[in-house]
Each structure stands twice: as structure tokens, then as C-alpha cells.
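Asker: Got a structure for you, written out below as C-alpha cells; questions coming shortly.
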Amino acid sequence: MDYNQEQKQDRKTLLWAALAVLLLLNLVLVYFIYHEKQENLAKDDIITAKTEEVLFIKTKLDSISQELDIKIAEIQKLGGSVDSLMAMKLQLEKDKQELKNMSSYSASGYNKKIKGYENVLNEKDTEIAQLRQELGIATTKNQELNEKVTGLESEKQLLADSVTNYSVQNRELAEKVSIASALRAENLTVNAVSARGKEREGGKYKAKRIDKLRVNFSLAPNAVAKQNEKEMYLRILDPDGAVLSDMATGSGSFIHDGKELIYSSRQTVNFTNSGQSVDILYGRGGIPLKDGKYAIEVYSEGFKIGQGDFEVK
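So the sequence shown is numbered by numbering that gives the first Met the number 0: it starts at 0 and just counts up by one.
Right, dumping it as C-alpha cells:
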């Protein structure tokens, strides 16, 4: 009897030991899962910050490019040399193209270039002032000539007022035509595509089953719209309102109502006025999607032409 009891006690001890080992393994597994999730969240934050930084620098380079064009035109008008500015313009365009290469991107390097461009533009302001002084803009002779033609200004003003009225009417008509020609995306749906290519419908998807998103809609017939190639810009906004984007896989920015907006994906569509179906794909690039409701927006030719949503759970 004592021997049997001792065997039972040993088995009980082994059972408890096995349970303890299993519990320890579960704790280790939970730790690694939590650690991996935190690393993924950190990567999301880094990618978002880098994208915003690149867009800021792109906007700055575009602004410098516009100011550079103004300086070139003004110096040419005053008879000055623009060779150095033309060379600077070529380098600026090269910098803007290289900005698309995220692997070689350096914020400090671009900030240094921007500072150099701004210094050159400031120097050209001094050169322009000197050219104006040398040419004697607004001399006494010019003033006398201006006085002689003053008598014609009243007649010209009357004609200008008439032209302005016609211009306003034409502009209002053009705006109405533009609005009427705006495309309209109908029956917008969002399907999830897994890494194996399996596609799911319904609008509610598990994050781990989403490798790509396929947004489908039909373009409503519009007799006013031109039948030509149209650029379609897709914006996918996460539950916090941030736009899903990856500059390395085709995301970028466009201008809408005077503001620069980030887009997730872009598609060129040959509009045939036939109610055609359009598909736009967006690959998440290995970045997990947050749980919650996502908004879909589609833009084309300066108009928001459609919207929708889907849910990740």
C-alpha cells in the first residue's frame, strides 16, 4: 500500500511540473507576441513621420521652383544673365526626382540644399535691384509719355469694363460647365485580397487576411464630360483619419481646392461614357491595419467623385 501511494504521489508531482512548464511556455509566447506588436506599432509611427517629412520637403522644393521661375523671367526681362539660375533649376528638378527614392533619402542633406537655394534667391534680389537701377526704370521721359497717354485711359477703361463683364460671364459659364462635366463614382465597394490572392466581399474583414484592398466602382455616364484619359486618386483613411500611403509603392500627393492632399493609390482611366467599371488596388506593404472603420475617397479632375467605407476587425 505504501509503495502504491508513493507512485501516485510521484505521478502527481510530475503532473504539476508539466503544468508549470506549460504555463511558463505560454507566458513566454504572450511576451513575444506583445513585443512583436509593439515593434510593428513603432515601425508604423516611423513610416508615417518619414512620409510627412518627405511631403514637407517636396512642398518646399516646389515653392523654391516657382520662385526661381519668377526670378528667371524678371532677370531676362531686364536683360541680365540667367545661366546660373538655369543650371540651378536643372539641379532642383533632379533633387525633386531623387526625393522619390526613399532608400537614399536624407532629411539633413535636403535641408542643406534648400538653405543653399534660398541663399541664391536672396542674392538674385540684390542683382535685380541693381539691374533696375542701371536701366533707369520710371525715368522722367517715361513719366512724360505716361502723361500724354492719360487722356486715352478713360476710353480704354470703358472698353476694359465691357471686356471684364464678358469675362465674368464667360468664367461663370465655364464654372457651370466644369461642374456639370464632373464624373461620379457609383456603387463603390471595397474587397479584401489575401496574400494567396483569395478575394473576400462584404465590407468587414480581419486584418490578418488583408494583403491588398481592391476598390471597385462604376463611372456614371456623363454627356458633358470629355472622353479622354482621367486620373483617379484613391484616398484610404484609417480610423484616426490618417491616410494610408507608401511613397515607395505608388502613393503621392495632388492638389485639391488649393490644398495638397496625400493619396494612397492612383489609376489612369480612359473614360468612354459607357458606365464602365474601374478597379484601383492598394497594397498595405506588410503594414498591419488597425481595427476600426476606414473611409474611402475618390477624386478626379478637381472633384471628389465618390466615397465609401469598410471595417477591419
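Idealized CB from N, CA, C, for every residue including glycine.
Please read all numbers here as calculations on a predicted model, not as lab measurements.
Could you tell me the distance, in whole angstroms, from the CA atom of L260 to the CA atom of V81?
Answerer: So the two alpha carbons sit approximately 34 Å from each other.
Asker: I need the boundaries of the alpha helix (DSSP H) containing Q129, first residue and last residue.
Answerer: Its alpha helix (DSSP H) spans residues A106 to L134.
Asker: Tell me, please, which residues DSSP counts as bridged to D308.
Answerer: Its beta-bridge partners are A294.
Asker: Taking contact to mean at least 3 C-beta pairs separated by less than 8 Å, is the region 186-194 in contact with the region 206-218?
Answerer: Result yes; three or more Cβ-Cβ pairs closer than 8 Å.
Asker: I'd like to know if the region 290-298 and the region 236-250 are in contact, where contact means that at least 3 CB-CB pairs between them fall below 8 Å.
Answerer: Result yes; three or more Cβ-Cβ pairs closer than 8 Å.
Asker: In this structure, how does DSSP classify K225 when only helix, strand and coil are distinguished?
Answerer: K225: coil per DSSP, three-state reduction.
Asker: Can you give the beta carbon distance from P220 to N272, rounded, assuming they're within the 8 Å contact cut?
Answerer: Correct: roughly 5 Å between the Cβ atoms.
Asker: Find out if the Cβ-Cβ distance for the pair S299, I279 is shorter than 7 Å.
Answerer: Not in contact: S299 and I279 (Cβ atoms no closer than 7 Å).
Asker: Restricting to Cα atoms, I'd like to know which of K312, M231 and I254 is closest to Y281.
Answerer: Considering only alpha carbons, the answer is M231.
Asker: Might you give, ordered along the chain, the residues of its own chain that have their beta carbon closer than 6 Å to the beta carbon of S64, omitting 5 neighbours on each side?
Answerer: Taken in chain order, the residues that qualify are L91.
Asker: Based on the DSSP secondary-structure assignment, which residues constitute the bridge partners of L218?
Answerer: The partner list for L218 (beta bridge, DSSP) reads A184.
Asker: Should I127 and E73 be called a contact, given that it needs their Cβ atoms to be closer than 7 Å?
Answerer: In contact: I127 and E73 (Cβ atoms closer than 7 Å).
Asker: Answer yes or no: do V119 and A206 have a C-beta to C-beta separation smaller than 7 Å?
Answerer: No, these two residues do not count as a Cβ contact at 7 Å.
Asker: Rounded to the nearest angstrom, how far is the Cβ of L187 from that of A224, given a contact under 8 Å?
Answerer: Incorrect: roughly 18 Å between the Cβ atoms, too far for contact.
Asker: I'd like to confirm something about Q132: is its beta-carbon nearer than 6 Å to some heavy atom of the ligand FAD, or not?
Answerer: Of ligands this structure carries none, so the ligand FAD is not represented either.
Asker: Please classify K57 as buried or exposed, where buried requires at least 16 other C-beta atoms within 10 Å of its C-beta.
Answerer: By the 10 Å Cβ count, K57 comes out buried.
Asker: Beta-carbon within less than 7 Å of T267's beta-carbon, same chain only, minus the 5 sequence neighbours each way: which residues are those?
Answerer: E228 and E230.
Asker: Would you call the CB atoms of G285 and T248 closer than 7 Å?
Answerer: Their beta carbons are not under 7 Å apart, which means G285 does not touch T248 by this criterion.
Asker: Cβ atoms of E185 and R234: under 7 Å apart, would you say?
Answerer: Contact: no.
Asker: Can you find a C-beta in chain B that's less than 7 Å from the C-beta of G291?
Answerer: Note that chain B does not occur in the displayed structure, where there is just one protein chain.
Asker: What residue does the alpha helix (DSSP H) around E97 start on, and which one ends it?
Answerer: Where E97 is concerned, the enclosing alpha helix (DSSP H) stretches over D82 to E97.
Asker: Span of the beta strand (DSSP E) holding V242?
Answerer: Looking at the DSSP string, V242 is not in any beta strand (DSSP E), and its letter there is neither H nor E.
Asker: According to DSSP, is Q266 helix, strand or coil?
Answerer: Note: Q266 maps to strand in three-state DSSP.
Asker: Helix, strand or coil: which one does DSSP assign to D68?
Answerer: Reduced to three states, the DSSP call for D68 is helix.
Asker: Report the residue from G115, L77 and N110 whose alpha carbon sits nearest the alpha carbon of P130.
Answerer: Rather than Pro, the amino acid found at residue 130 in this sequence is Leu. Ranking G115, L77 and N110 by Cα distance to L130 puts L77 first.
Asker: Across which residues does DSSP place N3 in a beta bridge pair?
Answerer: Per DSSP, none; premise fails for N3.
Asker: So, helix, strand or coil for N190, using DSSP?
Answerer: Strand, per DSSP.
Asker: Can you tell me which residues form a DSSP beta bridge with E259?
Answerer: Answer by DSSP bridge pairing, in chain order: I254.
Asker: Going by beta-carbon coordinates alone, are F216 and G301 separated by less than 7 Å?
Answerer: Their beta carbons are not under 7 Å apart, which means F216 does not touch G301 by this criterion.
Asker: What is the residue span of the beta strand (DSSP E) that I282 lies within?
Answerer: The residue you asked about is not Ile; residue 282 is Gly in the sequence shown. Here the beta strand (DSSP E) through G282 covers S276 to G282.
Asker: Where does E146 fall in DSSP's three states?
Answerer: E146 falls in the helix class under three-state DSSP.
Asker: Between which residues of its own chain and Q226 is the CB-CB distance below 7 Å, once the five residues before and five after are set aside?
Answerer: Around Q226: F270, T271 and N272.
Asker: Run through DSSP, which three-state label would R208 get?
Answerer: In this structure, R208 counts as helix in the three-state DSSP scheme.
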